[in-house]
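Asker:
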Amino acid sequence: MFKKVKFFLVCAGIALGVAGCSSDDGSDPKPVLKSEVYDITVEITDEVGLDHITVYKSSSTKVTTDVMFKDDGIPVAVDPNVPLPPKILKWEKSYSKTSEELISIIVEGEGASTLDEVNVTVKKDEEIVVHKRASGKTLLLEFGF
Numbered sequence: 009m010f011k012k013v014k015f016f017l018v019c020a021g022i023a024l025g026v027a028g029c030s031s032d033d034g035s036d037p038k039p040v041l042k043s044e045v046y047d048i049t050v051e052i053t054d055e056v057g058l059d060h061i062t063v064y065k066s067s068s069t070k071v072t073t074d075v076m077f078k079d080d081g082i083p084v085a086v087d088p089n090v091p092l093p094p095k096i097l098k099w100e101k102s103y104s105k106t107s108e109e110l111i112s113i114i115v116e117g118e119g120a121s122t123l124d125e126v127n128v129t130v131k132k133d134e135e136i137v138v139h140k141r142a143s144g145k146t147l148l149l150e151f152g153f
């Protein structure tokens, strides 16, 4: 009688062990990451001379670079009869990212006085996520989100 109970318990234990491991085939589906859109706005005061605005988007496998503004230092021939175009003081661009990605922003330039400044605002769904400001003669603003 004891042998039959022992045999039954061993068989039940093996059956439970096999049933518990049968769905563990190593093919767990990867979660789908939701991509969200962020609007980046860079604003400068009138006397600021920008060197560059660079945006880096990085994930675990690659980094992409986007230059929103770069001054190549090419002199412009000025015709006294033609007015200069108005100076651009604001840049806007949208970027999408998942929770596993990082967006880094670097803004570099020079001001004419300590009152000059650069402002960077990051919004998601019209709500401010990040706002950074730098002021002075040497302007460097760098952050990630």
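Its first residue numbered 9, the sequence shown is counted upward by one per residue in the working numbering.
We treat Cβ as the ideally placed atom computed from N, Cα and C, and that holds for glycine.
1. Could you tell me which of LYS70, MET76 and VAL128 sits nearest to VAL63, measuring between CA atoms?
2. Examine the Cβ distances between the stretch 120 to 130 and the stretch 47 to 62 and report whether three or more of them are shorter than 8 angstroms.
3. In terms of residue numbering, what span does the beta strand (DSSP E) encompassing GLY119 cover?
4. Use the C-beta contact count for LEU149: other C-beta atoms within 10 angstroms, 16 or more gives buried, fewer gives exposed.
5. As an exercise, report each continuous beta strand (DSSP E) stretch of at least 3 residues that is fully enclosed by the stretch 63 to 118, in chain order.
6. Please state whether DSSP places PHE151 in a helix, a strand or coil.
7. Applying the criterion that 16 or more other CB atoms from any shown protein chain within 10 Å of the CB defines a buried residue, is ALA120 buried or exposed?
8. Please confirm if the stretch 54 to 68 is in contact with the stretch 132 to 142, defined as three or more CB-CB distances below 8 angstroms between the two stretches.
9. Could you please give the first and the last residue of the uninterrupted beta strand (DSSP E) stretch that includes SER143?
10. How big is the Cα-Cα spacing for ILE113 and LYS78?
11. Are the beta-carbon atoms belonging to ASP59 and GLY152 less than 8 angstroms from one another?
12. Are the C-beta of THR49 and some C-beta of chain D separated by less than 8 angstroms?
13. Measuring straight from C-alpha to C-alpha, what distance separates GLU100 and ASP74?
Answerer: Here's the rundown:
1. The residue with the shortest Cα to Cα distance from VAL63 is MET76.
2. Proximity of the stretch 120 to 130 to the stretch 47 to 62 meets the contact definition, three or more beta-carbon pairs being nearer than 8 angstroms.
3. Counting along the chain, GLY119 sits inside no beta strand (DSSP E), nor does DSSP assign it H or E at all.
4. The residue is buried, with at least 16 neighbouring Cβ atoms inside 10 Å.
5. Runs of the beta strand (DSSP E) lying entirely within the stretch 63 to 118 and spanning at least 3 residues, in chain order: 71 to 78, 98 to 105 and 110 to 118.
6. Strand at PHE151.
7. ALA120 comes out exposed.
8. The stretch 54 to 68, when compared against the stretch 132 to 142, does not touch it at the 8 angstroms Cβ threshold.
9. Counting along the chain, the beta strand (DSSP E) containing SER143 begins and ends at 135 to 143.
10. Rounded to whole angstroms, ILE113 to LYS78 spans 14 angstroms at the Cα level.
11. In terms of Cβ geometry, ASP59 and GLY152 do not form a close pair [threshold 8 angstroms].
12. Protein chains in the displayed structure number just one, and chain D is not present.
13. Distance between the alpha carbons of GLU100 and ASP74 is about 13 angstroms.
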